[in-house]
Amino acid sequence: MYSVRPLSVTVADVCFCHWPVDAAALRERVPDWLTVERADGDAWLTAVAHTVRGVQTFGADLRRPAEAVNFRTYVRGPDGQRGVYFLALFSEDPLTSAVGGPTLRLPYREGVLSRRRDEGEFRTRRTLDVDGRRVLDLRYTPAYGETTTAPPDSLAAFLVERQRYYATGPLGDRLVGSIGHDPWPLAGVDADVTEALAAALSFPEPLGEPLVHYSPEAELGLAPPRPVWLD
Numbered sequence: 062m063y064s065v066r067p068l069s070v071t072v073a074d075v076c077f078c079h080w081p082v083d084a085a086a087l088r089e090r091v092p093d094w095l096t097v098e099r100a101d102g103d104a105w106l107t108a109v110a111h112t113v114r115g116v117q118t119f120g121a122d123l124r125r126p127a128e129a130v131n132f133r134t135y136v137r138g139p140d141g142q143r144g145v146y147f148l149a150l151f152s153e154d155p156l157t158s159a160v161g162g163p164t165l166r167l168p169y170r171e172g173v174l175s176r177r178r179d180e181g182e183f184r185t186r187r188t189l190d191v192d193g194r195r196v197l198d199l200r201y202t203p204a205y206g207e208t209t210t211a212p213p214d215s216l217a218a219f220l221v222e223r224q225r226y227y228a229t230g231p232l233g234d235r236l237v238g239s240i241g242h243d244p245w246p247l248a249g250v251d252a253d254v255t256e257a258l259a260a261a262l263s264f265p266e267p268l269g270e271p272l273v274h275y276s277p278e279a280e281l282g283l284a285p286p287r288p289v290w291l292d
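Residue 292, in the working numbering, is where the sequence shown stops; the numbers in between run on with no holes.
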């Protein structure tokens, strides 16, 4: 783990839902100074639904647990480094949106998020936009047992293991921030995913069924972005 973390975030019950999408259609949503990266011939769009259990900076706990989901795609920066580009983020915590947006230069949106745990291990998550339109419905059952990490150079590693994000500043400046973490612990999951990404968020239509990964918990170290040329 990174020894210096300006912002430490603990996330739990994390579902990664990945869809292959047309790279040319996605290109319109990504700044022209970034290169849309492909795997297995397609660009990819990912929803990361999770519970934020704690946010700390300089040892001070900032907030209570809250539900969140972010939507991202995979890019390379001008220096050729791999990263993610966030297309939209939702959080039920107003403080996260109010502080995280300007500080981390992330595109937070208003929405309604819910998470329910039914009998046994069957869980549901729902995300609606500010107009009440469905963005994401997720029903899943995590598997118990040992966790593994994504093999190097696998599709899973391409989709999960990213430690930087790119953003655009208020004056159009090119920015890069870090997302430090140990390799994601991954477990099996049985999931049913329903999305309305194109209708609610104007994202490209998925080209196939989603690929889902599950992680029980992880700690992330987030650093605010800085100009790319300093990285």
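In this text, a Cβ means the ideal position worked out from N, Cα and C, and glycines have one as well.
A quick note: this is a predicted structure, and the numbers were derived from the prediction, not measured.
Beta-carbon contacts of residue i that lie in its chain and below 6 Å, excluding the five residues immediately before and after
i, result
"V254", "C78, L199 and P271"
"Q117", "S69"
"V109", "F77 and N131"
"L197", "A108, T188 and E256"
"A252", "Y201 and V273"
"A259", "E266"
"D83", "P265"
"S158", "S152 and Y169"
Beta carbon of residue i nearer than 8 Å to that of residue j
i, j, result
"Y275", "Y146", "no"
"V113", "V70", "yes"
"R287", "L236", "yes"
"L262", "F132", "yes"
"A279", "V75", "yes"
"W245", "V221", "yes"
"P139", "G269", "no"
"P277", "A73", "yes"
"G238", "R225", "yes"
"R186", "R178", "no"
DSSP state of residue i mapped onto helix, strand, coil
i, result
"G282", "strand"
"T164", "helix"
"A217", "helix"
"W80", "strand"
"A204", "coil"
"L258", "helix"
"L272", "strand"
Inter-residue CB distance, residue i and residue j (contact presumed, cutoff 8 Å)
i, j, result
"E309", "R137", "No answer is possible for residue 309: it lies beyond the span of the chain, which begins at 62 and ends at 292."
"L100", "L87", "It is Ala, not Leu, that sits at residue 100 in the sequence shown. Rounded, the Cβ-Cβ distance is 13 Å, inconsistent with contact."
"L247", "A211", "6 Å"
"A257", "R194", "7 Å"
"P168", "A149", "6 Å"
7 Å CB neighbourhood of residue i in its chain, flanking five on each side removed
i, result
"F151", "A129, V130, R170, G172, L174 and T188"
"G230", "R166 and L236"
"T96", "V136 and R137"
Own chain, CB closer than 8 Å to residue i, minus 5 neighbours either side, in chain order
i, result
"P126", "T112, V113, R114 and G115"
"D154", "V113, R124, R125, A127 and A129"
"T208", "P246, L247, A248, S276 and P277"
Item to check | Sequence ranges, beta strand (DSSP E) only - wholly within the segment 134-202, length at least 3 | outcome: Within the segment 134-202, the complete beta strand (DSSP E) runs of at least 3 residues are 143-152, 172-178 and 184-190.
Original post:
Residue ranges of each beta strand (DSSP E) run of no fewer than 3 residues wholly in the segment 84-119, ordered along the chain?
Top reply: Within the segment 84-119, the complete beta strand (DSSP E) runs of at least 3 residues are 104-118.
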